[in-house]
Amino acid sequence: MKKPSPTAHLIRLAAVFAVGFVVFVTAKSLATPATWNHDMSNWFRLKSLDDMQTQVPAYANDNKACARECHEKIGKMFNKSMHKGVSCDSCHGALGDHIDATKVELETLLKGKFSDEQKTSLKKAAAPLAYGWPAHLQAAHEKNGGTVVPEGAAVPVIVKNPVKAAVMWQCRNCHLEMINKPAAFKQFRLDPKFKKHNAFISGQVEGQAEGQEIMCLKCHDPHNPTP
Amino acid sequence: MGALGLESLPGDAMINYVFPNNEHVFWSVMIVIYPYITGLVAGAFVVSGLSHVFKVKEFHPIGNFALIAAFCFGLFAAVPLLFHLGQPQRAYEIYATPHLTSAMSIFGYVYGSYMVVLMLEIWLIYRPFFIKKANEGAGGLFGLICRVLTLGIRRYTPEAAHVDHKFATILAGIGIPWAFTLHGYVGFIFGSVKSIAWWATPLQPIIFLMSAVVSGMAMLMLMYCFLMWKRKQPIDMPMMRKFVAFLWGFFILDFVLEMLEIMFAKYEHGHHWEVVYPLLTGPTLKYSFIYGQVLTLSVIPVVLLGFIVLKKMSDKMTILWTNIACFLLVMQVLFMRFNVVIGGQLISKSDRGFVSYQFEVLGREGLIVACGILSAPFIVYFILSRFIPIFEDPAAGAYESEPRA
Amino acid sequence: MTTKLKGLHMNKASIPVTGENYSDPRREFLKNVLAGTAAATVLMASGPGVAATKKFALPENIPDPYKAKHHWIYVININNCIGCGNCVRACKRENSVPDTVFRTWVERYLLTNEGVYVESPKGALEGFEHYNEEIRKKAIRSFTVPKLCNHCHQPPCVQVCPVGATFKAPEGHVLVDWTHCIGCAYCVQACPYAVRFINPVEHKADKCSWCYHRTSKGMRPACVTVCPNKARLWGDMNDNEAEVTKIFNEGQWMVLKPQMHTDPSVFYVGLPKEVI
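Top to bottom, those sequences are chains A, B and C.
Taking my numbering, the leading residue of the first sequence gets 424, the next gets one more, and so forth.
Taking my numbering, the leading residue of the second sequence gets 147, the next gets one more, and so forth.
Taking my numbering, the leading residue of the third sequence gets 154, the next gets one more, and so forth.
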């Protein structure tokens, strides 16, 4: 066998590298997503902006969506009340949960335009629970078969109606006097003049039998809270 | 005494406050051993580079050993990362769409090309061996690999050897800065994160690099002594003495840089010191950093190595103290990786609290997986050493070897 | 002949008689000073002016149809926040955020003579309870601070993403592409505000997206929608009538961790100095 040239093996090596390079470059271009933005200062897949828009919103954008077609009376009252800046969703839970989210068109969430079919099925649907419940209330509701013991109450107050209990929690969550809340915000504090509010805070109900509703709902309708 | 046994919390905090998303330590044991393994690669390659490029003749007998060890460590450098990634099947994206503003994005290309350089150098040095084995008709998988690696050239000539030697030297020359990049960029990954005070320093790449060289050299020496003991062969004392001198020098640099970072932070007494001081004196790093990394694993070896280098002692004593010092250093670098990677994340970005760390034993990023990954390079080395000559000349008998008719 | 230059006295010999080649040194001097001042003023104004425009500049060179039509910003008014936690609950529901991680949360601060007491129980998912008596006695002031991703204009998270999975979108959002994220968590380390996390269900980086799926359709983010007291505001800086634009232009705002130079898009009104 004649002697191979001193660089023969390196030439063959170079050929192997050339093949490997071609394979690599092909694989790389196949692996790069189609809509890639090849600008190092804005390095991303452009189509991801479209993909992200397919996530279905759960909350309405404003109260018109709830009020316009199905809850007109309450909506009108609410809009004139002190609570008009509060979104329906924040107490009643996401609008998308109230109506089957997968069947809701975006128009509905934005403008409250329901089809007749949707209105019919909505009338048959269960009343909305307050999904704004904190986890411990939800868990207690399930565990206790509908009775709830609000946390922080000095004396446990059993409430038979879980919806009202959750609502009461929400009244308290915003309006119970607390040192971190801005002074200008309407808060209820312990004040001998307001015996009824005291009871609400302490959990002790004067002249009320156990199992009866908590005070705030007796005088205040959340949709028109001025008593 | 405040929370977590700390004397005072930063930011006038009365209670240990950690941001809600800070409670979990996202970079844990896998990210501790990843720079450790690439450090071993860099360190071993430096020894081979000192031999092949800087012509330190005492290191010639271990030049190939260092290369093979670097290769074995290098095979597993990416494995901890694959265990860490939330989506490891997408790891190829680092090759497809690397975002060059990120230091981490160069990992794919630097690691890949470094392994190519390393494998090329090994191929050039071991080519005569593959030719000889192919001509002898070695069987099985080993024979097939040898035949493939000859690329069809079955004769080894002195002229070709000369070309190979030149090319290998050039590769070794490229390989040193490339090994430095492979490990130094890791230091950059940490050092450039302005939001973590314990990481953010321009010294970080150099600290990581110096400790990498130290760990690689120390590990190499431990391996060498073990192998010589197993093979019942004498230890090359001139090599060992030269080795220890280099190791001491690199470690002085490493230790000084690590202490320098803390000295600057303490002297400037700025925001960094506000959060770093409670970290270093806190319940975790007081033990792993102050008592562990610094007092036990840095002060003792730096004195010990100086002793070995400067004082005349018998071969037996030299071997004993060298092994002790190398073991301490191998642990020092591991502790350092832990203290930096995990220590940094213990500082909450609230600047008012600290997180405590729990080791995970089982699980994808647990200690058992870490031990497995750390042992793998040694297992591969053991297998390789059964097939190829490491301390013997790979070209022995290759010139005369001819292909069978 | 020369006279000493003193005040307005000039070297008579140097004053030409005719109008040609007239160069009054005083006038020259004043001209130069004026020119220099004008130049310096232009530079001073345009420098920061350019910087100011550049500071809040949105990504350029994005092809149609993704080009920006809005420049969104977010305002938080600490004086209005009551710590009810509606925002945290809404965000959890809207974006299916798992337990133990938060796209937004609310912190409560209590300032005392001895120091600052900060807490965020479950991110304020269930609001806040009363402080215990001992702590309440020491109180000087207390307030709540909502936190969320600041959608910075110089986002460190975008800079460090190795594969381009997180990016600054044309209208200001900093987003995560879940089909591309490898879950390395480098962005989580880089964020100075700890708003990012690895989603424990998806194993990908996650964070507040300013509800991109809502805002890209003209809706407001869920947290803004449910805030009862206008503590969280959303709007387009290109719209001069927008409330957020007016607040921004008044200039009485602060950003979090300004020393990090991340140029946030979330502006805090009434931010106390103790907030980090």
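In this text, a Cβ means the ideal position worked out from N, Cα and C, and glycines have one as well.
Remember, it's a predicted structure, so these values are computed and weren't measured experimentally.
Segment limits, beta strand (DSSP E) that includes residue i
| i | result |
| --- | --- |
| Val259/C | 257 to 264 |
| Trp225/C | 225 to 230 |
| Pro156/B | Neither: Pro156/B is in no beta strand (DSSP E) and is coded neither H nor E. |
| Thr315/B | Where Thr315/B is concerned, there is no enclosing beta strand (DSSP E), although the alpha helix (DSSP H) it sits in stretches over 304 to 337. |
Where residue i meets chain B, residues with beta-carbon distance less than 7 Å
| i | result |
| --- | --- |
| Phe350/C | Asn167 |
Chain C within 8 Å of residue i, Cβ atoms only
| i | result |
| --- | --- |
| Gln439/B | no |
| Val515/B | no |
| Trp173/B | yes |
| Met475/A | yes |
| Ile655/A | With chain A running from 424 to 650 in the structure shown, residue 655/A is simply not present. |
Contact with chain B by residue i, beta-carbon distance below 8 Å
| i | result |
| --- | --- |
| Cys314/C | yes |
| Thr430/A | yes |
| Thr458/A | no |
| Trp387/C | no |
| Lys383/C | no |
| Val254/C | yes |
CA-to-CA distance, residue j to residue i, given in whole angstroms
| i | j | result |
| --- | --- | --- |
| Pro334/C | Asn352/C | For the sequence presented, residue 334/C should be read as Cys rather than Pro. One C-alpha to the other measures close to 11 Å. |
| Pro166/B | Gly519/A | 28 Å |
| Ile436/B | Pro315/C | 34 Å |
| Tyr241/B | Val419/C | 35 Å |
| Gly543/B | Glu282/B | 11 Å |
| Leu453/A | Phe372/B | 48 Å |
| Ile353/B | Ala306/B | 41 Å |
| Thr455/A | Ala437/A | 27 Å |
| Phe319/B | Ala325/B | For the record, residue 319/B in the displayed sequence is Gly; it is not Phe. Going by the C-alpha atoms only, they are around 10 Å apart. |
| Leu221/B | Cys337/C | 20 Å |
Residue span of the alpha helix (DSSP H) that contains residue i, given as start and end
| i | result |
| --- | --- |
| Asp473/A | 471 to 475 |
| Arg246/C | 239 to 248 |
| Gly220/B | 206 to 221 |
| Trp467/B | 461 to 492 |
| Phe275/B | 253 to 281 |
| Lys503/A | 495 to 503 |
| Ser295/C | Where Ser295/C is concerned, there is no enclosing alpha helix (DSSP H), although the beta strand (DSSP E) it sits in stretches over 294 to 301. |
Neighbour list for residue i in chain C, Cβ cutoff strictly below 7 Å
| i | result |
| --- | --- |
| Ala237/B | Ile335 |
| Ala159/B | Gly268, Val269, Val271 |
Per-residue contacts from residue i into chain C (C-beta, under 9 Å)
| i | result |
| --- | --- |
| Leu469/A | Ile215, Pro216, Tyr219 |
| Val448/A | Near Val448/A there are no residues of chain C at all, since even the closest Cβ is about 18 Å away, more than 9 Å. |
Per-residue contacts from residue i into chain A (C-beta, under 8 Å)
| i | result |
| --- | --- |
| His245/B | Met463, Trp466 |
| Arg273/B | His432 |
| Leu424/C | Here the premise fails: no neighbours, minimum Cβ distance about 14 Å. |
Chain A contact for residue i (CB, 8 Å cutoff)
| i | result |
| --- | --- |
| Arg498/B | no |
| Ile299/B | yes |
| Asn233/C | yes |
| Thr315/B | no |
| His224/C | no |
| Cys344/C | no |
Environment of residue i [buried if 16+ CB atoms lie within 10 Å]
| i | result |
| --- | --- |
| Ala450/A | exposed |
| Val442/A | exposed |
| Pro480/A | buried |
| Met160/B | buried |
| Thr327/B | buried |
| Gln439/B | buried |
| Asp330/C | buried |
| Asn164/C | Low per-residue confidence applies at Asn164/C: pLDDT is 41, beneath 50, and the placement is therefore not dependable enough to give any value. |
| Ser460/B | exposed |
Cross-chain neighbours of residue i in chain A, by beta carbon under 7 Å
| i | result |
| --- | --- |
| Lys290/C | Those do not exist, as Lys290/C stays about 11 Å from chain A at its closest Cβ, beyond 7 Å. |
| Ala322/C | Leu472 |
| Arg373/C | Asn484 |
| Thr442/B | Result: empty, since nearest Cβ-Cβ is about 45 Å, beyond 7 Å. |
| Asp330/C | Phe467, Arg468, Ser471 |
Listed by chain order, chain C residues near residue i by CB distance under 8 Å
| i | result |
| --- | --- |
| Gly509/B | Per Cβ cutoff of 8 Å: no residues; Gly509/B is ~13 Å from chain C at best. |
| Gln233/B | Cys334, Ile335, Gly336, His356, Lys357 |
Within chain B, the residues that residue i reaches when beta carbons sit closer than 8 Å
| i | result |
| --- | --- |
| Thr455/A | Ala242, Thr243 |
| Tyr339/C | Ser248, Met250, Ile335 |
Check: residue i C-beta below 7 Å from any heavy atom of the ligand MN
| i | result |
| --- | --- |
| Leu518/A | The ligand MN is not part of the structure shown, which contains no ligands of any sort. |
Interface residues of chain B facing residue i [CB-CB closer than 9 Å]
| i | result |
| --- | --- |
| Pro411/C | Within 9 Å Cβ-Cβ: nothing; Pro411/C doesn't reach chain B, min ~13 Å. |
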